[in-house]
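The block underneath contains the structure these notes are about, expressed in structure tokens.
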Amino acid sequence: MITRLLNCPVRAHRNGVLVEDSAVKYQWQVELGDRRVETLKSVSGVSFSQEFIQLVQNSPDGKPVPDLVMGAPELSGTMTLTRGLDRSEKFTQWISDSRDPSRATDTQAIVLAYVDAQNNAVKRIQFEGARASSWTSPDLSAGDSSKADETLEITYLSCNPI
């Protein structure tokens, strides 16, 4: 009730995922399996690239005909995720499991969903062979009022929009 009087955004759950700010139009969410498990503060470094090879052939009358042929897609990449205060236990467990050397062969596909204000997926990107390669914990000290954000770097073998 006090948030309505002050016109502050209300923290609410939508489909089990905590929505940080109702004024946000679009945001990124993590999907593990078939469920969205966490809303992210930011995502950076996601890119797709496709190699094209210039092919020059001769036409029947002997003139060169240039053409572009699709080559191999880029096979690996790195992205950076910033986690807010609403960290999910499932995603935290996935991070721990992916960094465990004894489970080096276990990789799980991770999906990032770009969702609108109604929690409908506008864009979904699947990352195969994803592993947490770097994790930075928040710096917390007594009396500190700064945000407790975690930064996570994920290395993946391939990514495809779905």
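Count along the sequence shown from 1, add 36, and you get the number used in our numbering.
All C-beta atoms in this analysis are idealised placements derived from N, C-alpha and C, irrespective of residue type, glycine included.
This one's a predicted model, so the numbers in the text were calculated from it and none came from an experiment.
Extent of the continuous alpha helix (DSSP H) run through residue i
{"i": "R135", "result": "125 to 135"}
Spatial distance of residue i from residue j (CA atoms)
{"i": "L188", "j": "V105", "result": "36 Å"}
{"i": "P102", "j": "V158", "result": "37 Å"}
{"i": "V82", "j": "L121", "result": "23 Å"}
{"i": "T128", "j": "Q86", "result": "32 Å"}
{"i": "S134", "j": "R167", "result": "5 Å"}
{"i": "Q154", "j": "L68", "result": "20 Å"}
{"i": "K126", "j": "G107", "result": "37 Å"}
{"i": "T172", "j": "E186", "result": "6 Å"}
{"i": "S80", "j": "N156", "result": "21 Å"}
{"i": "S124", "j": "P137", "result": "22 Å"}
{"i": "Q63", "j": "S112", "result": "24 Å"}
{"i": "V46", "j": "P174", "result": "Caution applies to V46, whose pLDDT of 43 falls short of 50 and renders its modelled position unreliable; the model cannot decide the point."}
{"i": "V73", "j": "L148", "result": "10 Å"}
For residue i, the nearest candidate out of the options (CA to CA)
{"i": "Q65", "options": "Q86, L117, S112, S85", "result": "L117"}
{"i": "T114", "options": "D185, S169, S95, I198", "result": "S169"}
{"i": "S194", "options": "D70, N94, V147, G165", "result": "G165"}
Bounding residues of the beta strand (DSSP E) (the contiguous stretch that carries residue i)
{"i": "V151", "result": "144 to 151"}
{"i": "I19", "result": "An answer regarding residue 19 cannot be provided, because it is not within the stretch 37 to 198 covered by the chain."}
{"i": "L193", "result": "From DSSP, L193 is part of no beta strand (DSSP E); its letter is neither H nor E."}
{"i": "G81", "result": "Note, G81: premise wrong, no beta strand (DSSP E); not H, not E."}
{"i": "L68", "result": "63 to 68"}
Cβ separation of residue i and residue j, assumed to be a contact under 8 Å, to the nearest whole Å
{"i": "I198", "j": "Q162", "result": "5 Å"}
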